[in-house]
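To keep things clear, I will list the structure first and then write my remarks on it.
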Amino acid sequence: MKSILSSYKEFLYSKNKLKFGSYKELHSWSVNEPSVFWDSIVSFFKIDFDKYSNHIYKPNKNFIKTQWFNGSKISYSKNVFKNDSLKTPAIKYQDETGEYSEISWNSLKIKTLEFQEILIKNNINVGDRVVGYCSNSPDVIAAFLAVNSLGAIWSSCSPDFGYDSVLDRFNQIQPKFLFYHSTYKYNGKKFSLDSKILSLKKSIKSISSVLDLNSKSKFEVEYRKVDLNFTPVDFDHPIWILFSSGTTGKPKAITHRTGGMILEHYKALSIHQNVSNRDTYFWFSTTGWMMWNYSLSCLLIGSSLCIYNGSPIYPDNGVLWRLAKKAKINHFGHGAVFFKNFLSKLPDHINFSDYSFLKTIGSTGSPLFKETNIGLSKIFPNTHIISLSGGTDVCTAFIGGNINSKVFPGEIQCKMLGAAIEVWDNDGKKVKRKMGELVLTKPFISMPIFLWNDKGDIRYTDSYYSKFKNIWNHGDWVTETNNGGFIVHGRSDSTLNRSGVRIGSSEIYSVLNNLIHIDDALIIHINKNNSDKLILFIKSSSPINSEQLKVLIRSKCSPRHVPDLFFKVPDIPYTLSGKKVEVPIKKILMGKNPENVVSKDSLRNPESLNWFIDFYEYLSKSLV
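Residue 1734, in our numbering, is where the sequence shown stops; the numbers in between run on with no holes.
Next comes the structure, spelled out in structure tokens:
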């Protein structure tokens, strides 16, 4: 069957007489002719605009001030429900009980209308913030679509986020309305959020109303006419606010434009992942990770969205693969660590020769090991193995899949269309076949509009444009290969990338700082020799009870924040300016020469490095 990428290239020739001999040529055109390229995306996918302006692209030396589709109006939810005549399910759903259900487009529309009416009664209008503290279920999707249909702005956290983490996020954006699940199940255990919700209502004065989705979870099955109204908004109007991991302070409230998400996700899902309206799309996620938002957009295409609510390995490590067969999932996505663990212990009693329906396996969150890629290809020889790298900052990927090109294990296949990707050294010079910073040299349609409450774009500029002036620095260490692909070595900052989900060190530090018996701490994520370990180094004159610390960190932050290993150290390295030396320590523990990663002259306490240098010998022998 012809790929969507091939169909798109044929469309370009028929419409504009544009012919490209290679993907490299196509990509070059997409970044050099952004107005023509993005206009072609609108036409090819028949994206529904309420008002379409030809002022597609007005660049600015300051990327933040670049204008996209100025004067245009559009609705995300309206574009979703233009698919409501499809006979395929809108959502396929399973939770830890094993109960499986399929929800029609009409039923999803009825539920969305129900929530829309509730929001209207609670005076939710264009620009108001509505948040969810929810597990991953169909009613949350309907809640988001209802919020979006009114031009309000969505944000969400998953239940495994501790109270302090949720408060740090939601308090920044002052929501008027909160959806939540009073109870949820994870890993076979039942949890309640009622007390946390009461505390949030007291702490966040802007919240005027809440709704327990557990009381509104039933979907209508009978057909009835649905008069769902859609409020079109400006192309640059915020669609959702995603939060960064909180590595260096409070999480950044990253605000994304409605039109940018619609166009980018059509392109990324269809052209790069080959998702069609005949397919079923699944990417394991929680409501607190950008992949939840990204996956939702398969509904724009008319694909069935499959979601799973609970632990991906409960009651056993075969649960998602059994779901894949039951739901006939065509596109199966998860974090790289999940696939590594899958290969180390294949689920019992599953015949993977029966999985011919699986078109792509996708991985993101951390680099997919070469060995993992090869192993997956052996089990699924007719499946396209793709990796994505981008993140919360853009709610998409910069580098990703190319269905028409060969997969080289350990590499991400290509620069994605519309993204002017280069690799630079620290001096701002372009490099190839050398490790460097992933940068964007031109504005990109899914860059954030702004960071919420960031006056003068000060934090925005510092986050992405401080290293190279007027150049987006993404913070990933990558190598561009001779194949036109990329090897991702990890984050160049200190973000902890755990099991495919980015988390922040500052949230762990904030918990430990309240403990009088802990003087200081350093958290490092090590991904080496197929080992994924979060290591906590503690400075303390008292004995350390690691089990008690695990319980505390899990309750205050989330299970993902819980370290695997605990070690007492004599001192924690600091720079002269008073910053913890996280990235250089990580590089030392990954086997880099200490002299090449940190200057002792830059440290307030240079002798503290010696312990970590000696510790590397132990680590290299134990993490195998």
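By construction, the Cβ of each residue, glycine as well, lies at the ideal position given by its N, Cα and C atoms.
Open item on the list: What I want to know is whether the C-beta of Asp1642 ends up closer than 7 Å to one or more non-hydrogen atoms of the ligand GDP.
Closed with: Among the components modelled here there is no ligand, and therefore nothing to report on the ligand GDP.
Below 8 Å CB to CB, which residues in the same chain sit around Thr1571 once its five sequence neighbours on both sides are set aside? Ile1174
For Glu1415, which of Phe1596, Ala1262, Ala1200 and Tyr1243 has the nearest alpha-carbon?
-> First, the amino acid is wrong: residue 1415 is Leu here, not Glu. Per the Cα distances, Ala1200.
Inter-residue spacing [alpha-carbon to alpha-carbon] between Gly1520 and Ser1319:
48 Å
*Note down the Cα distance separating Pro1248 from His1635, rounded to an integer number of angstroms.*
34 Å
Check each candidate in Asn1623, Thr1493 and Gly1428 and name the one with the smallest Cα separation from Asn1451. Gly1428
Unbroken beta strand (DSSP E) runs of length 3 or more, entirely within the region 1499-1523: which are they?
1499-1501 and 1506-1510
- Query: Span of the beta strand (DSSP E) holding Tyr1203?
  - Reply: Ile1201 to Asp1205
Checklist entry - If you check the beta carbons only, do Ile1114 and Ile1381 fall under 8 Å apart? => result yes
(message) If I measure Cβ to Cβ from Ser1421 and keep anything under 6 Å in the same chain, skipping five residues before and after, which residues do I get?
(response) Tyr1296 and Asn1297
From the DSSP output, in three-state form, read off Lys1168 for me. strand
Q. Per DSSP, what kind of secondary structure is Arg1543 in: helix, strand or coil?
A. coil
Original post:
Does the distance from the C-beta atom of Val1504 to that of Ser1556 stay below 8 Å?
Top reply: yes
- Message: Just to check my reading of the structure: Ile1157 and Leu1373 have Cβ atoms closer than 8 Å, yes? What is that Cβ distance to the nearest angstrom?
- Response: 7 Å
* Is Gln1284 helix, strand or coil by DSSP? -> coil
Phe1667, enclosing beta strand (DSSP E) - first and last residue:
Here residue 1667 turns out to be Cys, not Phe, going by the sequence shown. Run containing Cys1667: none; DSSP gives neither H nor E here.
Item to check | Meets three-Cβ-pair contact criterion under 8 Å: the region 1139-1147 and the region 1528-1545 | outcome: yes
Determine which residues share a DSSP beta bridge with Pro1348 and list them. Arg1367
Worksheet item: Any idea if Pro1553 is buried or exposed, counting beta-carbon neighbours within 10 angstroms, 16 or more meaning buried?
Response: buried
Since I believe Gly1242 is in contact with Ser1217 (beta carbons under 8 Å), could you give me their beta-carbon distance rounded to a whole number of angstroms? Incorrect: roughly 20 Å between the Cβ atoms, too far for contact.
**Prompt:** Under three-state DSSP, which class holds Lys1577?
**Reply:** coil
Does DSSP put Val1734 in a helix, a strand or coil? Legend: pLDDT at Val1734 = 46, less than 50; position of this residue unreliable, value from coordinates given subsequently. Residue state, collapsed to three classes: coil.
Check: Would you call the region 1250-1258 and the region 1645-1662 in contact, with 3 or more CB pairs under 8 Å?
Finding: no
Taking the alpha carbon of Lys1315 as the point to measure from, which residue in Ile1349, Gln1282 and Tyr1684 has its own alpha carbon closest? Gln1282
Next item on the list: Kindly list the residues whose CB is nearer than 6 Å to the CB of Pro1348, restricted to its own chain and excluding five residues on each side of it in sequence; keep chain order.
Entry: Ile1263 and Thr1365
task = Report the option in Lys1202, Ser1651, Arg1543 and Lys1362 whose CA atom is closest to the CA atom of Lys1436.
result = Lys1202
For this session: For Asp1205, collect the residues of the same chain with a Cβ closer than 8 Å to its Cβ; drop the 5 residues on either side in sequence, then sort them by chain order.
Result: Ser1247, Lys1295, Tyr1418, Asn1419 and Gly1420
- What separation, rounded to the nearest whole angstrom, lies between the Cα atoms of Trp1350 and Phe1280? 12 Å
Among Ser1497, Phe1722 and Asn1193, which residue has its Cα nearest to the Cα of Arg1388? Asn1193
Q. What are the complete alpha helix (DSSP H) segments, minimum 4 residues, inside the region 1218-1288?
A. 1248-1259 and 1273-1283
*Alpha carbon of Leu1310 to alpha carbon of Ala1631, nearest angstrom*: 29 Å
Quick one: is Thr1396 buried, meaning 16 or more other Cβ sit within 10 Å of its Cβ, or exposed? buried
Original post:
In this structure, what does DSSP give as the bridge partners for Leu1644?
Top reply: His1635
| query | Relative to the alpha-carbon of Lys1127, which residue among Val1146, Lys1112 and Gly1585 has its alpha-carbon at the smallest distance? | reply | Val1146
Practice prompt. Put Ser1718 into one of helix, strand or coil per three-state DSSP.
Written response: helix
**Study point:** Pair within 8 Å by beta-carbon distance, Thr1474 and Ser1499
**Key:** yes
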